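Below is one structure; the comments refer to it alone.
In the numbering used here, the protein residues as written are 232 to 486.
What follows is the structure, given as structure tokens:
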């Protein structure tokens, strides 16, 4: 019990220290949702996320999502989902849609539980940096913690591979055109620290701090954040941001 409290105190200290370091320009997201078990293997969930950004912070986007998951066995889960994202400041603006397929594999490592998830996304309409995005995430949390409110700290590292964005003209140092192509490649990393508690029966409250960092690897003709040598203008600028996320989820009992 003493070790569990030490783990929780260390995690909370690191959690709020990370938030303090990223406070300048940090966005706030709030979400709520519900999940129901249809059978022993099938589950369905619906969620809504409100995204506040800017200074002062204003509601910039609302995301609605529907997901279905299938428990293949105790280690493997499959899922697919649909997400619709709108800008409440301009309802006449075209909404963004996202189709997702995913597979998750659960394993144990010493005193931790590890979830590896591969996710493939199709974005409609396509974004400037990608139309398809491949995501790999590894989430880890301690097992068998005896903490108040069934508290469970967790950490996630995630990498994003971009595909089929708008073609971009890449130029040499003199400004001459070399090749026009999409900036395909591994371009983003997300680091997340979170804490989930159960304040009410079948209700979870999750708090997360997430930091996204975009970068370039590989060929200089597949880069984003590209400077035009003719005028110094940056195209496909890096989208680095920090966000504090609070979500409430309720597990519905259908039977």
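Note that beta-carbon positions come from the ideal geometry of N, C-alpha and C, so glycine has one too.
Just so you know, these numbers come straight off a predicted model, no measurement behind them.
Tell me residue 296's beta-bridge partners as DSSP assigns them. 278 and 314
Out of 481, 436 and 432, point me to the one whose CA is closest to residue 426's CA. 436
Local conformation of residue 453 per DSSP, three classes: helix
How would you write the range of the beta strand (DSSP E) that residue 270 sits in, first residue to last? It is not in any beta strand (DSSP E) - residue 270 carries neither H nor E in the DSSP assignment.
Alpha carbon to alpha carbon, what distance is there between residue 283 and residue 293? 9 Å
With three or more beta-carbon pairs closer than 8 Å as the criterion, would you say the segment 330-349 touches the segment 369-381? yes
Classify residue 381 as helix, strand or coil using the three-state DSSP reduction. helix
Cβ separation of residue 259 and residue 360, assumed to be a contact under 8 Å, to the nearest whole Å: Not confirmed; about 24 Å, so no contact.
Could you tell me the boundaries of the beta strand (DSSP E) in which residue 347 lies? 343-355
With 16 as the cutoff for other CB atoms within 10 Å, does residue 440 come out buried or exposed? buried
With a cut-off of 8 Å on the beta carbons, I'd call residue 261 and residue 474 a contact; round off their distance for me. Not quite, the Cβ-Cβ distance comes to about 11 Å (not below 8 Å), so this is no contact.
Taking all protein chains shown into account, do 16 or more other C-beta atoms lie within 10 angstroms of the C-beta of residue 352, making it buried, or fewer, making it exposed? buried
Reducing DSSP to helix, strand and coil, say where residue 388 ends up. strand
I need the straight-line Cα distance from residue 299 to residue 485, nearest angstrom please. 16 Å
How many Å lie between residue 391 and residue 446 at the Cα? 10 Å
Check whether the Cβ atoms of residue 267 and residue 421 lie closer than 9 Å to each other. no
Along the beta strand (DSSP E) that carries residue 425, what are the first and last residues, could you check? 416-431
Where residue 402 and residue 409 are concerned, what is the direct C-alpha to C-alpha distance, given to the nearest angstrom? 5 Å
What does the alpha-carbon distance come out to for the pair residue 459 and residue 357? 23 Å
When you compare each of 453, 379 and 394 to residue 429 by their alpha carbons, which one comes out closest? 379
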